[in-house]
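Q: Provided herewith is a single structure, encoded as C-alpha cells, for subsequent inquiry.
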Amino acid sequence: MKQSSSRYWAKLIKSLRYSLHISQNQFSERLDIDQATVSRWERGLTEPQYEMRKILHEMARDAGLATLGDLTSIVKFSPFPMILVDSCQKVHAASMSSGFKTNQSVIEQTPPEEQAFLQNFTDQLEAAGFWKGDCPKFDYEYSTETETRLAIVIAITIRGEIFALVQKAW
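In my numbering, the protein residues as written are 28 to 197.
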C-alpha cells in the first residue's frame with residue numbers, strides 16, 4: 028500500500044508541475060518548501076504530509092486537473108455506452124447503457140465471442156503508447172460477421188494516473 032500511495036503522489040505532483048509549466052524549484056517556492064523535498068516526492072521516496080496533501084489537491088483542482096469523482100459522475104449518467112478504465116482494465120465507472128459494472132475487470136465482463144476483439148484492442152493501445160501518455164486519442168474499429176463498430180478512446184490523466192475513457196460509436 029505504501030508503494031502505491033507514493034507512486035500516486037509522485038504522479039500527481041509531476042502532473043501538477045507539468046500542467047503549471049514550472050520547475051521543481053519554482054514549485055517548491057510556491058509551497059514554501061525546499062526543492063529536494065519535491066524531488067523526493069516525485070521519485071516516490073517520501074510522501075507529503077496531510078496538510079500538504081490538501082494543498083496539493085486544491086492546486087490540482089485549480090489547475091483544471093479532473094478528479095476521479097468528477098469524471099465518474101459524468102460517465103455514470105451518460106446515455107451513451109461509455110466506461111472509464113485504468114491500465115489494469117479495472118472499470119471505475121460505467122454508463123447504464125454500457126452493460127459493464129464498476130470494480131470488475133473488463134475481461135471478466137466481455138463475452139467470450141468478443142474476447143479476441145478485446146485482446147486486439149488492448150494490444151493496439153499498448154503499441155500506441157496509450158498508457159505512457161503518448162497517445163491522447165485512439166480510434167479502434169472492429170468488425171463482426173454482420174457489422175463494423177468503432178470505439179473512441181480518450182486518455183485522461185487523473186491524479187497522475189492515465190485512465191481510458193472508452194465510448195462505443197455504432
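For each residue, glycine too, the CB sits at the ideal point set by N, CA and C.
In chain order, what residues of the same chain lie with their CB nearer than 8 Å to the CB of Q131, ignoring the 5 residues before and after it?
A: Walking along the sequence shown from the start, residue 131 turns up at place 104. Result list for Q131: K117 and V118, in chain order.
Q: Threshold first: 4 residues or longer. Then list the alpha helix (DSSP H) segments lying entirely within the stretch 70-112, N to C.
A: Runs found: 77-89 and 95-103.
Q: What residues in its chain sit with their C-beta under 6 Å from that of R67, if we drop five residues either side in the sequence?
A: Mapped onto the sequence shown, residue 67 falls at position 40. Excluding residues within five positions, the ones whose Cβ falls inside 6 Å are T73.
Q: Starting from I134, trace the alpha helix (DSSP H) both ways and give me its first and last residue.
A: As a working mapping, residue 134 is identified with position 107 in the sequence shown. That run of the alpha helix (DSSP H) goes V133 to Q136.
Q: Would you kindly report the start and end of the unbroken beta strand (DSSP E) that includes F165?
A: Along the sequence shown, read from residue 1 onward, the residue named residue 165 stands at position 138. First-last of the beta strand (DSSP E) with F165: K164 to S170.
Q: Out of Y169, Q146, K159 and A178, which one is the CA nearest neighbour of G187?
A: Here residue 187 corresponds to residue number 160 of the sequence shown, with the count starting at 1. Checking every option, the nearest Cα to that of G187 belongs to K159.
Q: So which of L92, M79 and S33 has the shortest CA-CA distance to E69?
A: As a position in the sequence shown, residue 69 is number 42, starting the count at 1. The candidate whose alpha carbon is nearest that of E69 is S33.
Q: Counting pairs of beta carbons, one from the stretch 38-58 and one from the stretch 177-187, are three or more of them closer than 8 Å?
A: Enough Cβ pairs lie closer than 8 Å, so yes.
Q: Note down the Cα distance separating Q194 from F107, rounded to an integer number of angstroms.
A: Here residue 194 refers to the residue found at position 167 of the sequence shown. Here residue 107 refers to the residue found at position 80 of the sequence shown. So the alpha carbons of these two residues sit roughly 7 Å apart.
Q: Less than 9 Å between the beta carbons of V102 and L192, yes or no?
A: As a working mapping, residue 102 is identified with position 75 in the sequence shown. As a working mapping, residue 192 is identified with position 165 in the sequence shown. For V102 and L192, yes; Cβs fall inside 9 Å.
Q: Is it buried or exposed for Y167, if we count other Cβ within 10 angstroms and need 16 for buried?
A: Locating residue 167 in the sequence shown gives position 140, counting from the first residue. Its Cβ being crowded by 16 or more others within 10 Å, Y167 is buried.
Q: From the DSSP output, which residues share a beta bridge with T184?
A: As a first step, residue 184 must be located in the sequence shown, where it is residue number 157. Its beta-bridge partners are I189.
Q: Taking a contact to mean a Cβ-Cβ separation below 9 Å, would you say A120 touches I110 in this structure?
A: One-based indexing of the sequence shown puts residue 120 at position 93. One-based indexing of the sequence shown puts residue 110 at position 83. It is a contact, given that the beta carbons lie within the stated cut-off.
Q: Buried or exposed for M28, going by 16 or more other Cβ atoms inside 10 Å?
A: Sequence index remark: in the sequence shown, residue 28 carries index 1 (1-based). The predicted model places M28 with a pLDDT of 36, which falls under 50 and marks its position as unreliable, so this point remains unresolved.
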